[in-house]
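There are 2 protein chains.
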Amino acid sequence: MNLLVTPIALGVAVTADGDLAALLLGAMDELGETVSDGDVIVVTSKVVAKAEGRVVAFDGTEDAKLALIESESRRILRRRGTLRITETRHGFINANAGVDLSNTDPGTAVLLPLDPDRSARRLRAALHRRRGVDVGVVITDTFGRAWRHGVTDVAIGVAGLRAVLDLRGTLDATGRTLEATEVAIADEIAGAANLVLGKAAGTPFARLRGLDPTYFGNGSVARDIVRPVNGDLFR
Amino acid sequence: MNLLVTPIALGVAVTADGDLAALLLGAMDELGETVSDGDVIVVTSKVVAKAEGRVVAFDGTEDAKLALIESESRRILRRRGTLRITETRHGFINANAGVDLSNTDPGTAVLLPLDPDRSARRLRAALHRRRGVDVGVVITDTFGRAWRHGVTDVAIGVAGLRAVLDLRGTLDATGRTLEATEVAIADEIAGAANLVLGKAAGTPFARLRGLDPTYFGNGSVARDIVRPVNGDLFR
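Chains as they are written, first to last, in the numbering used here: chain A, 1044 to 1278; chain Z, 1044 to 1278.
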């Protein structure tokens, strides 16, 4: 089946206590787009964080930036100049603990949502309440990677969707068991959405339509993707 | 603009000296699909490797597997049981040097293409020759990641497409310079394609239609994504 990835631009700014479901549905209505069972809604962490009031004062100094990063981190893995590779309180390994200084209101910084899986579940429930639809939700942020240049968007929270598709035990076309087949579909969905979002364009939502029905289920980024420390060869 | 991701199933097996462009176009014709300027064709490394004769005898023993992995590696970063985290001759950091034992003919293993950027350029040129179209090509393989559970498909070769989109210097919506904005679009494209491919289904190709025109250009995974050792905080 074809997969269709559609950007949903937002005409208004998101403020604290903003109702993301209402904003998304309003934007969709204006664009003549719909939401249906089996769609996946992708939303960037920044608008989720803004709606949840995860915005703090920031005076623009390096000292203030480093203090913010440390307060959001459980551990600093590497330092280079003012770059920190951090382990956040969620267990994510990322740059500068996800503290976001771009596309923020003057004098402010935006932090990551406290519990992005919960944020995803809330948006999913609100969409069900308002339109009766059963959709997956993915909350994304932009992460660097070890060993590969360039950032990609990954999932930091999911709801109604598997984070990892477990194909272990599945036979390949020749009848042998597949290897290395726990696929992080939530991260692939996040990257697919980012291809249509554009960094500066005020487009925090995307809708994916046409994903395989087996992708849906009770996933969690915290449980299924964040590696336990003792399973990690690089920590 | 909407992005459309379409799987292209292949009804026949790929053999050494197989003509990938002919196989792809034949499959598209049968499916009633077309290829146009501005499309991106994604193809898995396995069929590229098979067509290039990168298939070796493999007796199924652990010793033979480890010998293959070592011969394909420049360096071993980590060992756990029979898992090796390797740096391949290309500079990729992956599991078991990309030596592929699933979906292979009995008694054989499939290695990575020798120069996947070149393989992508060849397929792009062949499609231009046969249909006069100007497309991007991405060759993908499945890699694990540090710190995140689950594998994703990433780009190991590109042609006619930027591997990394450089947005540094671009102003955000508030007029400040964007940070962390070299986006590895080739990897996001690889992941998007994998969402429609399915591991065991004999679908090695996908077509992406609707990508932003600024994504096209003279990219290279080897040059643009493989991190130089001295730029890498985790090697």
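Backbone N, C-alpha and C fix where the C-beta goes; we use that ideal spot for every residue, glycine too.
Remember, it's a predicted structure, so these values are computed and weren't measured experimentally.
Proximity of Z:VAL1153 and A:GLY1253 at Cβ, strictly below 9 Å: One thing to note: Z:VAL1153 has its Cβ no nearer than 9 Å to the Cβ of A:GLY1253.
Assumed close pair A:ALA1206, A:ILE1268 - CB separation to whole angstroms, cut-off 8 Å: At roughly 5 Å, the Cβ-Cβ gap stays under 8 Å, so A:ALA1206 and A:ILE1268 are in contact.
Minimum C-alpha distance to A:SER1263 - residue among A:ILE1119, A:ALA1056, A:SER1162 and A:VAL1176: When only C-alpha atoms are compared, the closest one is A:SER1162.
Which of helix, strand or coil DSSP assigns to A:THR1257: Reduced to three states, the DSSP call for A:THR1257 is helix.
Backbone secondary structure at Z:ARG1097 - three-state DSSP: Z:ARG1097: coil per DSSP, three-state reduction.
First through last residue of the alpha helix (DSSP H) which encompasses Z:GLU1130: First-last for Z:GLU1130: 1126 to 1131, but that is the beta strand (DSSP E), not the alpha helix (DSSP H).
Sufficient close CB pairs (3 or more, under 8 Å) joining the segment 1166 to 1182 of chain Z to the segment 1128 to 1138 of chain Z: The count of Cβ pairs closer than 8 Å, one atom from the segment 1166 to 1182 of chain Z and one from the segment 1128 to 1138 of chain Z, stays below three, leaving the stretches out of contact.
6 Å CB neighbourhood of Z:ASP1080 in its chain, flanking five on each side removed: Same-chain partners within the cutoff: VAL1176 and ASP1177.
Where A:GLU1225 falls: helix, strand or coil (DSSP): Residue state, collapsed to three classes: strand.
Beta carbon of Z:GLY1234 nearer than 9 Å to that of Z:ASP1196: Going by C-beta atoms, Z:GLY1234 is nearer than 9 Å to Z:ASP1196.
Contact test: A:ASP1106 Cβ vs the ligand HEM heavy atom, cutoff 8 Å: The ligand HEM is not part of the structure shown, which contains no ligands of any sort.
Beta-carbon contacts of Z:ALA1094 that lie in its chain and below 6 Å, excluding the five residues immediately before and after: Hits under 6 Å: VAL1057, GLY1061 and LEU1063.
Inter-residue spacing [alpha-carbon to alpha-carbon] between Z:GLU1076 and Z:PRO1247: A direct Cα-Cα distance of roughly 15 Å separates Z:GLU1076 from Z:PRO1247.
Proximity to A:HIS1192 [Cα-Cα], best of Z:MET1044, Z:PHE1101 and Z:LEU1276: With distances taken between Cα atoms, A:HIS1192 lies closest to Z:LEU1276.
Supposed contact pair A:PRO1156 and A:ARG1097 - C-beta distance, whole angstroms, cut 8 Å: Indeed they touch by this definition, with Cβ atoms about 6 Å apart.
Per DSSP, the bridge partner or partners of A:ILE1119: DSSP, once it has assigned bridges, lists A:THR1129 as partnering A:ILE1119.
Segments assigned beta strand (DSSP E), at least 3 residues, entirely inside the segment 1177 to 1208 of chain Z: Runs of the beta strand (DSSP E) inside the segment 1177 to 1208 of chain Z: 1179 to 1186 and 1195 to 1202.
Pairwise C-alpha distance: Z:ALA1236 and Z:LYS1089: About 15 Å.
Candidates A:THR1224, A:ALA1092, A:ARG1123 and A:ARG1173, of which the one nearest A:GLY1069 by Cα: Ranking the options by Cα distance to A:GLY1069, first place goes to A:ARG1173.
Cβ-based burial, A:VAL1055 [other Cβ within 10 Å; buried from 16]: Counting Cβ neighbours within 10 Å, A:VAL1055 comes out exposed, since fewer than 16 surround it.
Within 9 Å, strictly: CB atoms of A:ALA1198 and A:ILE1232: A:ILE1232 is positioned such that its CB atom lies closer than 9 Å to that of A:ALA1198.
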